[in-house]
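Numbering (the numbering used here), first residue to last: 955 to 1137. To start, the structure itself, in structure tokens.
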């Protein structure tokens, strides 16, 4: 059996999608379409879209956020590079993590991987602090145990929702609508 005959191992991963510049919904849909068209990525589920207050220093426009579940044979650093390329094609400038952006794509969870010193850090280091990530992630993976703690997404989401914090509201509509892609 040659190396070409070996089936690639597919990992389940969860991505965060965000945008607060330009046509925010079009940026999210464009990213989702690009993910679905990538030969080594299969989009298996997508959350609703949430509008959220900016979290960070200074003032910025509200974000649109969503989460997607994917299956991929790409290793985490390669997947991260693919996501950063998508961000760049949507006009994101690398001028700081807290700057406004047309597109922000993050790996939230990648299989059972726990990596605290690599790129990317897995699970995402601020996942538990952000309702704008946990609410859409709960829609598609409520029972998912986080690989570093074993707590489910639903448990962590319930804890953060009991705290006061930035506003988050679910929007009507389908992220896939109008782009010809079905999960």
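The beta-carbon is built from N, C-alpha and C at its ideal position, and this holds for glycine as well.
Asked	Found
Whole-angstrom distance between residue 1020 and residue 1057, CA atom to CA atom	12 Å
Secondary structure, beta strand (DSSP E): runs of 3+ residues fully inside the region 1041 to 1070	1058 to 1064
Closest Cα partner of residue 1121 within the set 1016, 969 and 1106	1016
Residue 1075: first and last residue of the uninterrupted alpha helix (DSSP H) it sits in	Residue 1075 -> no alpha helix (DSSP H), and no H or E assigned at all.
Integer-rounded CB distance, given that residue 1059 should sit under 8 Å from residue 985	6 Å
7 Å Cβ cutoff met for residue 978 and residue 1034	no
Same chain, Cβ closer than 8 Å to residue 1114, five either side skipped, listed in chain order	1082, 1083, 1084, 1085 and 1088
Status (buried if at least 16 other CB within 10 Å, exposed otherwise) for residue 988	buried
Pair within 7 Å by beta-carbon distance, residue 999 and residue 1023	yes
Contact under 7 Å by Cβ, residue 1108 with residue 1123	no
Residue 967 versus residue 1102: straight-line alpha-carbon distance, rounded	14 Å
Spatially closest choice to residue 960 from 983, 1027, 969 and 971, by CA coordinates	1027
Option nearest residue 1069 by Cα separation, candidates 1105, 1030 and 983	1030
Environment of residue 1095 [buried if 16+ CB atoms lie within 10 Å]	buried
Contact set for residue 1097: own chain, Cβ-Cβ below 8 Å, skip 5 residues either direction	1106, 1107 and 1108
Beta-bridge partners of residue 1021, as assigned by DSSP	970
As assigned by DSSP and simplified to three states, the class of residue 1120	coil
Nearest residue (CA-CA) to residue 1040, options 981, 1119, 1005 and 1066	981
Residues near residue 972 by beta carbon distance below 6 Å, same chain, minus five either side	1017, 1019 and 1058
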